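Top to bottom, those sequences are chains D and U.
Read in order, the letters of the first sequence correspond to residues 3 to 128 in the numbering used here.
Read in order, the letters of the second sequence correspond to residues 3 to 128 in the numbering used here.
No residue lacks a Cβ here, since even glycine has one placed at the ideal position from N, Cα and C.
Model, not experiment: these values are computed from the prediction.
There are 2 protein chains.
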Amino acid sequence: MAEGDALTIHEAAETTGWSPRMLRYVERSGLVVPERSRSGYRLYGPAELQRLRTLRELLERFDVGLSEIGFALRLRRDADLREAVGEWFDAQPHRPEDVAAADWLRWEQEKHQRLLNTQLMETAPR
Amino acid sequence: MAEGDALTIHEAAETTGWSPRMLRYVERSGLVVPERSRSGYRLYGPAELQRLRTLRELLERFDVGLSEIGFALRLRRDADLREAVGEWFDAQPHRPEDVAAADWLRWEQEKHQRLLNTQLMETAPR
DNA sequence: CCAACGTTACCAGAGGTGTGTCAAGGTTCG
DNA sequence: CGAACCTTGACACACCTCTGGTAACGTTGG
Chain D
3 MAEGDALTIH EAAETTGWSP RMLRYVERSG LVVPERSRSG YRLYGPAELQ RLRTLRELLE
63 RFDVGLSEIG FALRLRRDAD LREAVGEWFD AQPHRPEDVA AADWLRWEQE KHQRLLNTQL
123 METAPR
Chain U
3 MAEGDALTIH EAAETTGWSP RMLRYVERSG LVVPERSRSG YRLYGPAELQ RLRTLRELLE
63 RFDVGLSEIG FALRLRRDAD LREAVGEWFD AQPHRPEDVA AADWLRWEQE KHQRLLNTQL
123 METAPR
């Protein structure tokens, strides 16, 4: 055990529901980056643990991926990008929202349906 | 040619630099959704053409993908999601970003140093 | 009528994401 | 010292993104 109330990666994994593998992956995505001990061990403090738990909830609740939150982070940091994207959206003369939204929704539903189907195929091959 | 000054998918492809295949893909992503003729043909008007050109520039300039702009669109439309993501980012007590980045860099350097040391130990034990 | 175009629905292949596992080696601590 | 951790790196696999095809079939216009 190391100094302070910081947990090692395995301990952090157990209390947050992530796997150690995924904690390293999350770190690489830049979303939760723990401190390091002198010898290089990751040290997860209470703040990181909380952040990991809420991140998990966020991903599940909205069915988004790490890369998407990573892009949101990029949007938040890069003012040029944020502005350019905003301008592109704002430059809609007759905003096709409703039609597009309906289409998008249908597509999403179909995706989930496909996923569900394959899962059913796997778990109930009888 | 159809009614008005609308172009068919092939014509639109030529003047915007996308391929017909990609125009359908862009449509499915919800970013540029053209009107349809009575028989189902896609009709690209001047607004859509401009939108396609600027979208192209946006993607190249920032090296992002359609799915990422699609996520930005989702962020813009879904207030719940936008708020949740914002809260998650804001709930950073001591924002580890800068420190963590610096720390990581230091760690990398040290690792290389250690590696170099061990290599020296191994290759020059004579 | 028929050539040339449109539609959807598939297959395919390269590259990224998400996740597990394993190997080779360093660290901690009883 | 030795067990039980930790580190990075790599292989593997399934799914998604992006992009190109091809097939089967409907539409348009000379």
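Using beta carbons (cut-off 7 Å, strictly below), is residue i in contact with chain D?
i         : result
Ala104(U) : Confidence is the limiting factor: at Ala104(U) the pLDDT is only 40, short of 50, which leaves the residue's position unreliable, though a coordinate-based value still follows. Output row for Ala104(U): interface = no.
Thr17(U)  : no
Pro98(U)  : With a pLDDT of only 48 at Pro98(U), under 50, the local geometry of the prediction cannot be trusted, and no value is derived from it.
Leu107(U) : Residue placement at Leu107(U) cannot be trusted, given a pLDDT of 41 that sits under 50; the coordinates are not used to answer.
Trp20(U)  : no
Glu13(U)  : no
Please state the DSSP three-state secondary structure of residue i.
i        : result
Tyr46(U) : strand
Arg38(D) : strand
Leu9(U)  : strand
Ala93(U) : coil
Leu33(D) : coil
Val66(D) : coil
Asp80(U) : coil
Gly19(U) : coil
Report the residue from the options whose alpha carbon sits nearest the alpha carbon of residue i.
i        : options                                : result
Pro48(D) : Glu13(D), Ala86(D), Ala93(D), Glu85(D) : Glu13(D)
Ser41(U) : Ala15(U), Thr10(U), Arg84(U)           : Thr10(U)
Arg62(U) : Leu45(D), Glu62(D), Ala86(D)           : According to the sequence shown, residue 62(U) is Glu rather than Arg. Residue Ala86(D) is the option with its Cα nearest to Glu62(U).
Leu83(U) : Trp90(D), Glu59(D), Ala81(D), Val34(D) : Glu59(D)
Arg79(U) : Leu75(D), Arg30(D), Leu68(D), Gly88(D) : Gly88(D)
Phe91(D) : Leu57(U), Trp90(U), Asp7(U)            : Leu57(U)
Gly19(D) : Asp7(D), Phe64(D), Ser39(D), Arg55(D)  : Arg55(D)
Val66(U) : Asp7(D), Glu70(D), Ala93(D)            : Glu70(D)
Closer than 7 Å, CB to CB, is residue i near chain U or not?
i        : result
Val28(D) : no
Glu85(D) : no
Thr10(D) : no
Ala74(D) : yes
Glu70(D) : yes
Leu60(D) : yes
Whose C-beta lies closer than 7 Å to the C-beta of residue i among residues of the same chain, with five residues either side of it excluded?
i         : result
Gln115(U) : Residue confidence for Gln115(U) is low, a pLDDT of 41 falling below 50, so the modelled location carries little weight; the figure read from the coordinates is stated next. There are no such residues.
Ala15(D)  : Ser21, Pro22, Leu25
Arg53(D)  : Val34
Spatial neighbours of residue i within its chain, please: C-beta separation below 6 Å, excluding the five flanking residues on both sides.
i        : result
Glu37(U) : Leu45
Glu29(U) : Val35
Ser31(D) : Leu68, Gly72
Grab me the residues of residue i's own chain with a C-beta within less than 8 Å of its C-beta, minus the 5 sequence neighbours each way, in chain order.
i        : result
Tyr27(D) : Leu68
Leu51(U) : Leu9, Ala14, Thr17, Thr18
Leu75(U) : Gly32, Leu33
Leu77(U) : Leu83, Arg84, Val87
Phe64(U) : none
Could you tell me if the beta carbon of residue i falls within a distance shorter than 6 Å of some heavy atom in the ligand GDP?
i        : result
Thr18(D) : Inclusion of the ligand GDP in the displayed structure is not the case, the ligand content being empty and no account of it being possible.
If contact means a Cβ-Cβ distance below 7 Å, which residues of the region 23-48 of chain U contact chain D? So the list reads Arg30, Gly32, Val35, given in the order they occur along the chain.
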